[in-house]
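Number of protein chains: 2
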Amino acid sequence: MTSESKTVGQYTEKELIERIASIIGKPKRRDILIGIGDDTAVVKGSGDSKLLYTSDMLVEEIHFDRSLISPRTLGRRAMAVNLSDLAAMGAEPQYALVSLALQSSYPMAELEELYAGMVEMGNRFKVTIIGGNLSSTGSQMVIDLFLVGCTSGRIFTRSGAKVGDDIYVTGTLGGAHAGWLALEAYGNRAEKTYAELVKMHQEPIPRIKVSRLLADTDIVTSMTDISDGLSTDLTHICSASHVGANILWSQLPIHDLVHDFENMTGADTRLVVLDGGEDYELLFTARPGSAKALAEIARRARVPITAIGRIVPRNSGIRLVEGEKSSPIEAKGWSHFGAGNR
Amino acid sequence: MTSESKTVGQYTEKELIERIASIIGKPKRRDILIGIGDDTAVVKGSGDSKLLYTSDMLVEEIHFDRSLISPRTLGRRAMAVNLSDLAAMGAEPQYALVSLALQSSYPMAELEELYAGMVEMGNRFKVTIIGGNLSSTGSQMVIDLFLVGCTSGRIFTRSGAKVGDDIYVTGTLGGAHAGWLALEAYGNRAEKTYAELVKMHQEPIPRIKVSRLLADTDIVTSMTDISDGLSTDLTHICSASHVGANILWSQLPIHDLVHDFENMTGADTRLVVLDGGEDYELLFTARPGSAKALAEIARRARVPITAIGRIVPRNSGIRLVEGEKSSPIEAKGWSHFGAGNR
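Encoded structure:
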């Protein structure tokens, strides 16, 4: 079948991005350091400085359910997930533009709360909303944020991992997805029983501080944030770096409540942790022998940093090691279109 | 009634923007030269340079009808209307990010054409697409573009018009709205009978060249682009500059085909020209005595520049002068929400 008769739902997100990149062609401007395909775009500023641009869209019913999240929390979340992309590159956030499509029946009080939430999360990381636009829509609400960041130091990309590098993750894993499953299953009642998990889903904390500390060192060889799930985001790094990876199941910093959640609901912790996504933690590779320096950075940023595996040659593939056994890890995390999970 | 029980549809766009600006508060960062409320945001770059950021969202069924516009033309249009915002500020366009929400049933071939159209219009003005994101949606398609521009020279704002300044407009007026009315009334058949008008609506040409030439002079005192309609966009300038305006009906550069369109369809040329919008021409004020210099710029840019009136004191209001008569001009152009037309 040619593209003539196919729909976008028949392509993986990676295939769609590759197709789009080929239409755009190789950048002609020399000032474009990183174009389509990483967490943010990067262009040359004056001197050593670099400017970073990213956008992330939240669509009602796809990314959020207005009956399950308050407008203020939604505002905080929209800002946080965009900030996470800047954290993944090691940049300092600066400005945001907010594009909103709203039904004209949308309550004014909710609009005010939504902005208050974005401002709140923005202020926490010194980001100012400087523009945007409002549009009406006949259907689902859309929130699209554009963020601008800068750095005069190192930037992290997905493509620098080398065989022998250690693989690290910040914070804990699985909490956000368990929270989402709880909301799906129990609706607003989940906020009582699974309050902490729900909060981890709805209000991720972008790892700006630890990222900026890491950018001051030469430890990190590649980085991304865990938005689509460990399996998918690790695949992004391995694919961009042309390497494989071994992940040690026993080392994964699974949130305690995720185990409790499994006990209570029967949810599969393995799927939650590997494929769940939306933890917005940083996943990165580091030169061998960086453990001590990373422990110090973890202490200063007050965020755990855990070694979870090692980069191996590409032909060894991406594998999950559990005791004596090992099994392939496939990118089964979040994908926007139907074909994403194959 | 307090905002507690009101919907966004009960506010004008201006009121919504003012409310949002008050939630965001005064920018704390000194590097923000222009925040919310003009055609683009402007921040300080290094040295004399300034960086400009703007975004504009097109929502299916609100801004376009997929049965009446080809995906390639839609791509060109999406890029052009964003470029027009940079033209209105006098900036040089540099980069674009594209956020798309699509149903998974959207044909891949149309996605390719949509990008090809954006790339085509971008190349014409040396803009490269460097990023963005794709999302699925259960309903209407959304295209949100974020543009980055720069300048080391003058920037134009809406707020510098002075009493006695002349008011100018580039190109012609009314063609785009007449084209839209033709499409509304006759669907695809309009493309035959009213081909030129339809093209003016679907494929506006951003006035980057004339804007950059004007930025090299000290002639211009305020500027915006005509996106919402002459009446609304002139009101934006007058309101930001605390002045009034007299517009001479006999001087307006109404496109010839608009008169023909009136003869054939009975459409009210006055409404089309004053309130229609989407011409994406530049509307600006200039120091008295600039006519000769402007004629030279018009010649170099190959775009007509026409004097259409004069800035007067605020208490004289904004008026349309027709021979001996004059009548108030009210902002009756495009507004996204219901209350816009009051």
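Order-wise, the sequence lines are chains S and X. Counting in our numbering, the first sequence runs from 12 upward without gaps. Counting in our numbering, the second sequence runs from 12 upward without gaps. C-beta atoms are modelled at their ideal positions from N, C-alpha and C, and glycine is treated no differently.
Task: Interface residues of the stretch 62 to 94 of chain X facing chain S [CB-CB below 7 Å] - done: TYR64, THR65, SER66, ASP67, MET68, VAL70, GLU72 and ILE73
Open item on the list: For the ligand FMN, I want to know if GLY149(X) counts as a neighbour, meaning its beta carbon is within less than 8 Å of at least one of the ligand's heavy atoms.
Closed with: The ligand content of the structure shown is nil, which means the ligand FMN is not present either.
- [ ] Using a Cβ-Cβ cut-off of less than 7 Å, give me the residues of the stretch 119 to 151 of chain X that come near chain S, in sequence order.
- [x] MET119, ALA120, LEU122, GLU123, TYR126, ALA127, VAL130, THR139, ILE140, ILE141, GLY142, GLY143, ASN144, LEU145, SER146, SER147, THR148, GLY149, SER150 and GLN151
Open item on the list: If distances are taken between C-alpha atoms only, which option among VAL92(X), VAL109(X) and SER261(X) comes closest to GLU214(X)?
Closed with: VAL92(X)
Task: Separation of GLU71(S) from LYS17(X), as counted between CA atoms - done: 21 Å
TODO: Kindly say whether PHE372(X), judged by its beta-carbon, lies nearer than 9 Å to any beta-carbon of chain S.
DONE: Any question about residue 372(X) goes unanswered here, given that chain X covers just 12 to 353.
Task: Selected residue, minimal CA-CA separation from GLU292(S), among GLU103(S), SER95(S) and TYR126(S) - done: SER95(S)
Task: Chain-ordered chain S contacts of GLY20(X) [CB-CB under 7 Å] - done: SER115 and SER116
Open item on the list: Using a Cβ-Cβ cutoff of less than 6 Å, which residues in the same chain neighbour THR296(X) once the five nearest sequence positions on both sides are dropped?
Closed with: ALA172, ASP176, ILE178, THR232, SER233 and ILE322
Open item on the list: Quick check on the DSSP output: the alpha helix (DSSP H) that includes MET363(S) runs from which residue to which?
Closed with: Given a span of 12 to 353 for chain S in the structure shown, any question on residue 363(S) remains unanswerable.
- [ ] Using 10 angstroms around the beta-carbon of PRO104(X), count the other beta-carbons present and answer buried if the total reaches 16, otherwise exposed.
- [x] buried
Open item on the list: At the 9 Å Cβ level, is LYS39(X) part of the contact set with chain S, yes or no?
Closed with: yes
Task: Classification of GLY182(X) by the beta-carbon crowding that lies within 10 angstroms, buried from 16 upward - done: buried
TODO: For LEU27(X), decide whether its Cβ has a neighbour in chain S, counting only Cβ atoms nearer than 9 Å.
DONE: yes
Task: Same chain only: Cβ atoms within 6 Å of ILE237(S), ignoring 5 sequence neighbours per side - done: ASP244, ASP290, GLU292 and LEU294
Task: Beta-carbon proximity of ALA278(X) to LEU331(X), cut-off 9 Å - done: no
Task: Beta-carbon neighbours of LEU285(X), restricted to chain S and to distances below 8 Å - done: Ordered by position in chain S, no residue passes the 8 Å Cβ test against LEU285(X), which lies about 22 Å from the chain.
Task: Short Cβ contact (9 Å threshold) for GLY128(X) with THR65(X) - done: no
Open item on the list: Mapping the DSSP letters down to three states, classify THR23(S) as helix, strand or coil.
Closed with: coil
Open item on the list: Check for me: the beta strand (DSSP E) holding ARG223(S) runs from which residue to which?
Closed with: Note, ARG223(S): premise wrong, no beta strand (DSSP E); alpha helix (DSSP H) at 219 to 226.
- [ ] List the endpoints of the continuous alpha helix (DSSP H) containing PRO82(X).
- [x] 82 to 100
- [ ] Per DSSP, which residues does ALA375(X) bridge with? Please list them.
- [x] The structure shown has nothing for residue 375(X), since chain X only spans 12 to 353.
Task: Residue nearest to SER33(X) in terms of C-alpha spacing, selected from ASN326(X), ILE258(X), GLY46(X) and THR204(X) - done: GLY46(X)
Task: Closer than 9 Å to chain X by CB, SER16(S) - done: yes
TODO: Enumerate in chain order the residues of its own chain whose CB-to-CB distance from GLU202(S) is below 7 Å, with the five nearest sequence positions on each side excluded.
DONE: VAL209
Open item on the list: With distance defined between alpha-carbon atoms, name the residue in ALA102(X), PRO118(X), TYR106(X) and SER110(X) nearest to SER81(X).
Closed with: PRO118(X)
- [ ] Can you grab the Cα-Cα spacing for the pair ALA318(S) / ARG77(X), in whole Å?
- [x] 50 Å
- [ ] Identify whether ILE237(X) lies in helix, strand or coil by the three-state DSSP scheme.
- [x] coil
TODO: Return no unless some Cβ of chain S is closer than 9 Å to the Cβ of THR51(X).
DONE: yes
Task: From ASN257(X), CYS249(X), ASP67(X) and ARG30(X), residue whose alpha carbon lies closest to that of GLY334(X) - done: ASN257(X)
Open item on the list: I'd like to know if the stretch 278 to 287 of chain S and the stretch 305 to 312 of chain S are in contact, where contact means that at least 3 CB-CB pairs between them fall below 8 Å.
Closed with: no
Open item on the list: Given a cut-off of 9 Å on the beta-carbon distance, is the pair ALA42(X) and VAL54(X) in contact?
Closed with: Per the sequence presented here, residue 42(X) reads as Asp, with Ala not at that position. Against a cut-off of 9 Å, the Cβ pair of VAL54(X) and ASP42(X) comes out as a contact.
Task: CA nearest to the CA of VAL174(X), picked from PRO324(X), VAL314(X), SER60(X) and HIS247(X) - done: PRO324(X)
- [ ] Could you name the residues that DSSP lists as bridge partners for LYS61(X)?
- [x] LYS55(X) and THR162(X)
TODO: Taking only the alpha-carbon atoms, compute the straight-line gap between VAL180(X) and MET211(S) and give it to the nearest angstrom.
DONE: 53 Å
Open item on the list: For ALA184(S) and ALA89(X), I'd like the C-alpha separation in whole angstroms.
Closed with: For clarity, residue 184(S) is Leu in the given sequence; the question names Ala instead. Approximately 39 Å between the Cα atoms of the pair.
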